[in-house]
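Engineer: Note that the sequence shown ends on residue 324 in this note's numbering; no numbers are left out.
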Amino acid sequence: MDARNPALDAGRLRLEDLARLPWVAPYYRGAPNPSAAPITHQLELLDIRPRIAVRVESYLAVPHFVAGTDRIALLQERLAAPLADRMGLRVLECPGQPEPFAEALWWHRQYEDDVAHAWLRRLIAQTARRL
Numbered sequence: 194m195d196a197r198n199p200a201l202d203a204g205r206l207r208l209e210d211l212a213r214l215p216w217v218a219p220y221y222r223g224a225p226n227p228s229a230a231p232i233t234h235q236l237e238l239l240d241i242r243p244r245i246a247v248r249v250e251s252y253l254a255v256p257h258f259v260a261g262t263d264r265i266a267l268l269q270e271r272l273a274a275p276l277a278d279r280m281g282l283r284v285l286e287c288p289g290q291p292e293p294f295a296e297a298l299w300w301h302r303q304y305e306d307d308v309a310h311a312w313l314r315r316l317i318a319q320t321a322r323r324l
């Protein structure tokens, strides 16, 4: 969110703010709701339906449509943090207790013994452990 967003006057972002404030959300083709970010299901469990004000094509565009406005967005911290100071943004943890994300690799058994595929799986797993 913008560092000057009045919602920060309370000192922290609250669940009520997530429901009240306008959102910037990436556009997801093929989803039942074209603006349904992966976190949407978890927000619905908290009875929060984001009020989408702006839809963008990429997470990279999100900070540009949040800066200088009262809009908020959920964004990967590794993407938001380097831009925060330069764009006058404040990166906060999402309020509430979200469910953890589980990430998994899936492949067809025909690739189980494929040397190149095994190398790629190892590379992805090693990289994920470092994150």
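The beta carbon of each residue, even a glycine, is placed where N, CA and C say it ideally should be.
For the beta strand (DSSP E) containing P275, list its first residue and its last residue.
Structural biologist: Position 82 of the sequence shown, counted from the first residue, corresponds to residue 275. Unbroken run through P275 is the alpha helix (DSSP H), E270 to M280; no beta strand (DSSP E).
Engineer: Pop quiz: A246 and W216 are said to be a contact at Cβ under 8 angstroms. What is the actual Cβ separation, rounded to whole angstroms?
Structural biologist: Taking the sequence shown and counting its residues from 1, the one referred to as residue 246 is at position 53. Taking the sequence shown and counting its residues from 1, the one referred to as residue 216 is at position 23. With a Cβ gap of about 6 angstroms, A246 and W216 count as contacting.
Engineer: Is T212 helix, strand or coil by DSSP?
Structural biologist: Here residue 212 is taken as the residue at index 19 of the sequence shown, counted from 1. Note on identity: in this sequence residue 212 is Ala, with Thr being the wrong assignment. Correct three-state label for A212: helix.
Engineer: Assuming A246 is part of the beta strand (DSSP E), what are its boundary residues?
Structural biologist: To locate residue 246, count along the sequence shown from 1; it is residue 53. Per DSSP, A246 belongs to the beta strand (DSSP E) from R244 to V249.
Engineer: Please work out which residues of its chain come closer than 6 angstroms, Cβ to Cβ, to M194, disregarding the five sequence neighbours upstream and downstream, and give them in chain order.
Structural biologist: Within the sequence shown, residue 194 is the residue found at index 1, counting from 1. If we look at M194 and ignore the five residues flanking it on each side, its Cβ neighbours are I265 and R283.
Engineer: Do R248 and A218 have their C-beta atoms closer together than 8 angstroms?
Structural biologist: Here residue 248 is taken as the residue at index 55 of the sequence shown, counted from 1. Here residue 218 is taken as the residue at index 25 of the sequence shown, counted from 1. The answer is yes: Cβ separation under 8 angstroms.
Engineer: Please state the DSSP three-state secondary structure of D295.
Structural biologist: Along the sequence shown, read from residue 1 onward, the residue named residue 295 stands at position 102. The displayed chain sequence assigns Ala, not Asp, to residue 295. Of the three classes helix, strand and coil, the one that applies to A295 here is coil, per DSSP.
Engineer: Check whether the Cβ atoms of A273 and P256 lie closer than 8 angstroms to each other.
Structural biologist: Here residue 273 refers to the residue found at position 80 of the sequence shown. Here residue 256 refers to the residue found at position 63 of the sequence shown. Going by C-beta atoms, A273 is nearer than 8 angstroms to P256.
Engineer: Along the alpha helix (DSSP H) that carries W300, what are the first and last residues, could you check?
Structural biologist: On the sequence shown, position 107 is the one that residue 300 refers to. Per DSSP, W300 belongs to no alpha helix (DSSP H) and is neither H nor E.
Engineer: Beta-carbon separation of Q269 and Y252 under 8 angstroms?
Structural biologist: The count along the sequence shown starts at 1 and reaches residue 269 at position 76. The count along the sequence shown starts at 1 and reaches residue 252 at position 59. It is a contact, given that the beta carbons lie within the stated cut-off.
Engineer: Please state whether DSSP places I241 in a helix, a strand or coil.
Structural biologist: Locating residue 241 in the sequence shown gives position 48, counting from the first residue. I241: coil per DSSP, three-state reduction.
Engineer: So if DSSP puts A218 in a beta bridge, which residue, or which two residues, is it bridged to?
Structural biologist: Position 25 of the sequence shown holds residue 218. In the DSSP output, where bridge partners are listed per residue, A218 has R248.
Engineer: In this structure, does DSSP put L263 in helix, strand or coil?
Structural biologist: Taking the first residue of the sequence shown as position 1, residue 263 is located at position 70. Reading off the sequence shown, one finds Asp at residue 263, where the question assumed Leu. It is coil, neither helix nor strand.
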